[in-house]
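**Q** A single structure is presented below for examination.
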Amino acid sequence: PPPESTSSEEWLWNQIKAESLRDAESEPALASFLYSTVLSHPSLHRSLSFHLANKLCSSTLLSTLLYDLFLDYFSNNPSLRDAIVADLIAVKHRDPACVSYGHCLLNYKGFLAVQAHRVANLLWIENRKALALALQSRVAHVFAVDIHPAARVGKGILLDHATGVVVGETAVIGNNVSILHHVTLGGTGKAVGDRHPKIGDGVLIGAGATILGNVLIGEGAKIGAGSVVLKDVPPRSTAVGNPARLIGSKGKPSEHE
Amino acid sequence: PPPESTSSEEWLWNQIKAESLRDAESEPALASFLYSTVLSHPSLHRSLSFHLANKLCSSTLLSTLLYDLFLDYFSNNPSLRDAIVADLIAVKHRDPACVSYGHCLLNYKGFLAVQAHRVANLLWIENRKALALALQSRVAHVFAVDIHPAARVGKGILLDHATGVVVGETAVIGNNVSILHHVTLGGTGKAVGDRHPKIGDGVLIGAGATILGNVLIGEGAKIGAGSVVLKDVPPRSTAVGNPARLIGSKGKPSEHE
Amino acid sequence: PPPESTSSEEWLWNQIKAESLRDAESEPALASFLYSTVLSHPSLHRSLSFHLANKLCSSTLLSTLLYDLFLDYFSNNPSLRDAIVADLIAVKHRDPACVSYGHCLLNYKGFLAVQAHRVANLLWIENRKALALALQSRVAHVFAVDIHPAARVGKGILLDHATGVVVGETAVIGNNVSILHHVTLGGTGKAVGDRHPKIGDGVLIGAGATILGNVLIGEGAKIGAGSVVLKDVPPRSTAVGNPARLIGSKGKPSEHE
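Residue numbers (my numbering), protein chains in the order written: chain H, 1 to 257; chain S, 258 to 514; chain Y, 515 to 771.
Here's what the structure looks like:
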């Protein structure tokens, strides 16, 4: 991993360009795709804006509008660019199936959904709610990842496979969290207001886990695949089953496949 | 909520136009989208026909064909238009994350999938099975909601988030039912013929619940998230777990987030 | 079912053309769709190449490129064509909701995802990994079926409904396996290298089942819906629950709805 400094973005962009150039040379069938998505762009956030706009556009929501929107927000918010970098490094580091940074940038719908969400979240905060909700909707349609624009999401996030992830309006996700596909951070249906889970730093949530209500999943905790969690889970502990029960704890957060 | 009369559709359409006009004024980036999907149309069912056709078309199944199909069925079947109105009101009423009727009309893939299903169901009944199955397939591809065209679905339906919902051929869903994402109303694989669940009025089915076989979920019952239900569930009771067990009952149906 | 001979492909293609002609005549709204996807093509694998290319293309990955790719691999690999035939027959035979071979060819996203995967798998084996991963990504985006290109998949496969299926890098799926939607063949996150399930011939995996780690599901075994399986399952036995437990065994593999 590169040094965590202001040059991480530059370092990462150079890596991605080198990867894309190598792939374009070894696989001519991909050359046009790699030039249009990566190699023709002057920066990581321009490449990402172009790629997201093409993915999320529709016949009534034009790619040019989306491109301008993403480019505007990524250009003017260094924290969004930091998060892009942190996520790319997290995915490459934690997912053994991720062969390169470019692989994540171009192919991981969880990564793309999270970057679009961060823009939707800023739109929501700025009270541009209609546009925030339209963006959420396009992400839910195209990537099958439904994150309410009000949900707060940290950095270093891995949404692996990502299909079917649902994150409710008042959910909060910390830093360095790994979430597998089909995970729900939802409401119980009995509460209004602050009604969704709070996920601590370094948590790992297995495939198909459902966490409901304003519960706290402590830092470094692990939630087993298919678990249904309705209560707080202490830091560094592991919860499994339906309903979930604790099965022990560890001294430090574990890494995730 | 408006009075349940023949003017509900008119009342609702005026609401949606007012919402869209307000959003188009406050968010110029959405103006073109809102004009093409809502404000340029003379009625709710024309707006919906246009929107569905654009969502569901492909390079080989043209939007004009789908537009004509939806418009024809919605125009000639008042019960379909009643169901559209009932669903919009149900979603706005039951889902605290739904900020407006237009939000549901334009953005909720569960709502859109159900309206397309109702047309597919009429096609199936009229023995236009090839077209019904083609429509089911487009809905499954585009919205990740797979409802067999023969399944019977009531009014006042909320499919919240909707990704991954599967409803089998002989399933029946009553009125005012709320179904979260990843819910399956499927077969056990051991039976032929009438082999799928029957869901009573006012039932709430939590995220990821799997209900298999020709079982009856009584009116007002609640099925917990992640449950696997293989037996009847009495009215107004709550079933949770894998396999599901009853955990009590209530005097009246509960509302759903 | 036709005789298992070298003429199966021809027999099946004639069936599909007859079905399509019948549907085009009875449903003029579908005639253009059926001509462009089936009736204008000289063979099953050309029809499938065209259909897959249209489904999987994007504004940056052109349909012509994908069409040439599929046609090249299907034309030059008889084993791919045998697998197409075996899968079509399996789906028609095992899924009571499948009304015709053409219904599966045109509408079943699980069928389409598996055929695209087999090409991705050959690309992976030939060390064309960037293109294999790009193809996996398109399949995951378009069909919500995420099969790592290195995973080995047998013949006679039914992916029913298919939304949300995830198959990891070192997974192996035998012949005549039926897998419902939301099924995960994943890793535990604790292992590297050979870390995914091995599924024997004739296994049936119910909706939402999660099988994790390098475990062996013996031939003819059945995994109940919603199960979480972390250990080997003996041949012809049935495992259900979270965590899964065995509930008996049978003398021979069962068929699947």
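Glycine included, every Cβ here is placed at the ideal spot set by N, Cα and C.
1) Pull up the CB-CB distance for S:THR427 and S:ASP451, whole angstroms please, since I reckon it's below 8 Å.
2) For the putative contact between Y:ILE530 and Y:GLY616, defined by C-beta atoms under 8 Å, what is the C-beta separation to the nearest angstrom?
3) Considering only residues of the same chain and omitting the five flanking positions on each side of H:ILE247, which have a CB-CB separation below 6 Å?
4) With S:THR294 and S:LEU363 assumed to form a contact (beta carbons below 8 Å), what rounded beta-carbon distance in angstroms separates them?
5) Hey, S:THR420 and S:HIS405 are a contact pair by Cβ (cut 8 Å); roughly how many whole angstroms apart?
6) Exposed or buried, what is Y:THR578 when buried is set at 16 or more other beta-carbons lying within 10 Å of its beta-carbon?
7) Which of the three DSSP states, helix, strand or coil, is assigned to H:SER254?
8) Below 8 Å, how does it come out for the region 300-312 of chain S and the region 333-342 of chain S: are there three or more Cβ pairs, yes or no?
9) Does Y:LEU647 get closer than 8 Å to chain H when you measure Cβ to Cβ?
10) Along chain Y, which residues have their Cβ under 9 Å away from the Cβ of S:GLU236?
11) Consider the Cβ of S:GLU284: report whether some Cβ of chain H lies at a distance smaller than 8 Å.
12) By how many angstroms is the C-alpha of Y:ALA758 removed from the C-alpha of S:GLY425?
13) Alpha carbons only, please: which of Y:GLY734, Y:PRO749, Y:ARG750 and Y:ILE725 is nearest the one belonging to Y:ASN459?
14) Under 7 Å, CB to CB, which of the residues in the region 550-574 of chain Y have a partner in chain S?
15) When you compare the CB of S:ASP339 with every CB in chain H, is at least one pair closer than 8 Å?
16) My guess is that H:LEU112 and H:PHE143 are in contact by the Cβ rule of under 8 Å, so how many angstroms apart are they, rounded?
17) Give the residues of chain Y in contact with H:PHE33, contact being defined as C-beta atoms less than 9 Å apart.
18) Tell me Y:LEU499's beta-bridge partners as DSSP assigns them.
19) From the beta carbon of S:GLU514, is the nearest beta carbon of chain Y less than 8 Å away?
20) Within 8 Å (strictly less), CB to CB, does S:THR420 reach chain H?
21) If you run the structure through DSSP and keep just helix, strand and coil, what is S:ARG409?
22) Figure out for me which residue from Y:GLY720, Y:LEU535, Y:GLY700 and Y:LEU744 has the closest Cα to the Cα of S:GLY444.
23) Looking only at its own chain, which residues have a Cβ that is under 7 Å from the Cβ of S:HIS298, when we skip the five neighbours before and after it?
24) Which of helix, strand or coil does DSSP assign to H:ARG245?
25) Shorter than 8 Å from the beta carbon of Y:GLY703 to some beta carbon of chain H?
26) Mind listing, in chain order, the continuous alpha helix (DSSP H) runs of no fewer than 4 residues lying wholly within the region 365-395 of chain S?
27) Are the CB atoms of Y:VAL667 and Y:VAL605 within a distance shorter than 8 Å?
28) Can you tell me which of the three DSSP states S:ALA516 falls into?
29) Is it buried or exposed for S:ILE436, if we count other Cβ within 10 angstroms and need 16 for buried?
30) Quick test of your reading: S:GLU476 and S:GLY431, contact by CB under 8 Å. State the CB separation rounded to the nearest angstrom.
31) May I ask which residues mark the beginning and end of the alpha helix (DSSP H) holding Y:ALA545?
32) For S:SER332, does the three-state DSSP call read helix, strand or coil?
33) Between H:GLY208 and H:GLY226, is the Cβ-Cβ spacing less than 8 Å?
34) With S:ALA496 as the anchor, note down where its beta strand (DSSP E) starts and where it stops.
35) Distance, Cα to Cα, S:LYS268 vs S:SER300?
36) Got a sec, what are the start and stop residues for the alpha helix (DSSP H) Y:ASP537 sits in?
**A** In short, the structure shows the following:
1) 5 Å
2) 5 Å
3) THR238 and VAL240
4) 6 Å
5) With a Cβ gap of about 18 Å, S:THR420 and S:HIS405 do not count as contacting.
6) exposed
7) Interpretation of H:SER254 is limited by its pLDDT of 40, a score under 50 that renders its predicted location unreliable; no figure is taken from the coordinates.
8) yes
9) yes
10) Residue 236 of chain S cannot be examined here, being either before or after the span of chain S that is shown, 258 to 514.
11) yes
12) 25 Å
13) Outside the displayed span of chain Y (515 to 771) sits residue 459 of chain Y, for which this structure offers no information.
14) SER550, THR551 and ASN568
15) no
16) 6 Å
17) SER572, THR574, LEU575, LEU576, LEU579 and ALA648
18) Residue 499 of chain Y is absent from the model: chain Y starts at 515 and stops at 771.
19) Because S:GLU514 sits at a pLDDT of 35, beneath the cut-off of 50, its placement in the model cannot be relied upon, and the following sentence gives the value as read from the coordinates. Not closer than 8 Å to any Cβ of chain Y, the Cβ of S:GLU514 fails to qualify, so no.
20) yes
21) strand
22) Y:GLY720
23) SER304 and PHE307
24) strand
25) yes
26) 366-382
27) no
28) In this structure chain S extends from 258 to 514, so residue 516 of chain S is not present and cannot be described.
29) buried
30) 7 Å
31) 545-548
32) helix
33) yes
34) 494-497
35) Residue identity check: residue 268 of chain S is Trp in the sequence provided, not Lys. Going from the Cα of S:TRP268 to the Cα of S:SER300 covers about 11 Å.
36) 522-540
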